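One structure is given here, and the rest of the page talks about it.
So, in structure tokens, the structure goes:
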């Protein structure tokens, strides 16, 4: 929430400064400035622009990072393929039939064997995901099934060593893009947590836009 307050203050101050400069120029006899023009300055430090005006905790949430943004970046930057309990499958980035033209990429998770706990992906956040004991975190994703009737998903916040700080369950059951939501309550305070999404059934499932934000 602090990041949002600082950003709002910066924009207000820029508007005030811009207006004062324009007025002084007109009073000093210089060329008249149109009242429709204004200036604004915004410096993107520490991912301040990513996610817009809210407390985004998932980095590269729509799988749209490219080397044009930063050298070495790609659609899977900040994401890792995750398997537990001897499961195995494949993770790929796809662009056929995306959720919309503004978000052309998504991940396809093909499950050969879900194992005991499932396979999926882990997001490291922005240098970790800070969580606080007792606080709630909103989670949502868009998903569509390639086959099968339903696939259960487990969504959790975890420590670097796999400790579960809180989890929720979702059942994906649509062959068209559909939004699914859940709320996770953290039981531990950790500045370096991870978001883990695991699928527990066979064929395939496509995911787009995983988001975990603090519930203010």
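In mature numbering (1 follows the signal peptide of the UniProt record, and there is no 0), the protein residues as written are -22 to -1, 1 to 194.
C-beta: ideal position from N, C-alpha, C; glycine also.
The structure presented is a predicted model; accordingly, all values stated were derived computationally and were not measured.
Residue 141 versus residue 54: straight-line alpha-carbon distance, rounded = 23 Å
Grouping DSSP H, G and I as helix and E and B as strand, with all else coil, what is residue 105?
-> coil
Since residue 60 and residue 100 are thought to touch, with beta carbons under 8 Å apart, how far apart are those beta carbons, to the nearest angstrom?
-> 5 Å
Using beta-carbon positions only, say whether residue 83 and residue 41 come within less than 8 Å of one another.
-> yes
Would you be able to state if there are at least three C-beta pairs under 8 Å between the stretch 104 to 124 and the stretch 147 to 162?
-> yes
Buried versus exposed, by CB contacts within 10 Å (16 or more), residue 132 = buried
For residue 38, count neighbouring Cβ atoms within 10 angstroms of its own Cβ and tell me buried if that reaches 16, exposed if not.
-> buried
Rank 176, 168, 8 by C-alpha distance to the C-alpha of residue 105 and give the top, closest one.
-> 168
Can you give the beta carbon distance from residue 177 to residue 92, rounded, assuming they're within the 8 Å contact cut?
-> 7 Å
What is the rounded straight-line gap between the Cα of residue 52 and the Cα of residue 137?
-> 25 Å
In terms of residue numbering, what span does the beta strand (DSSP E) encompassing residue 157 cover?
-> 156 to 163
Starting from the C-beta of residue 262, find all residues in its chain whose C-beta is less than 8 Å away, skip the five residues before and the five after it, and write them out in chain order.
-> The displayed coordinates of the chain run from -22 to 194. Any statement about residue 262 would go beyond what the structure contains.
Segment limits, beta strand (DSSP E) that includes residue 46 = From DSSP, residue 46 is part of no beta strand (DSSP E); its letter is neither H nor E.
Distance, residue 102 Cα to residue 108 Cα | 10 Å
Hey, residue 86 and residue 72 are a contact pair by Cβ (cut 8 Å); roughly how many whole angstroms apart?
-> 5 Å
Three-state secondary structure (DSSP) of residue 82 = coil
In this structure, does DSSP put residue 113 in helix, strand or coil?
-> coil
Residues that DSSP places opposite residue 150 in a beta bridge | 129
At what residues does the beta strand (DSSP E) containing residue 57 begin and finish?
-> 57 to 62
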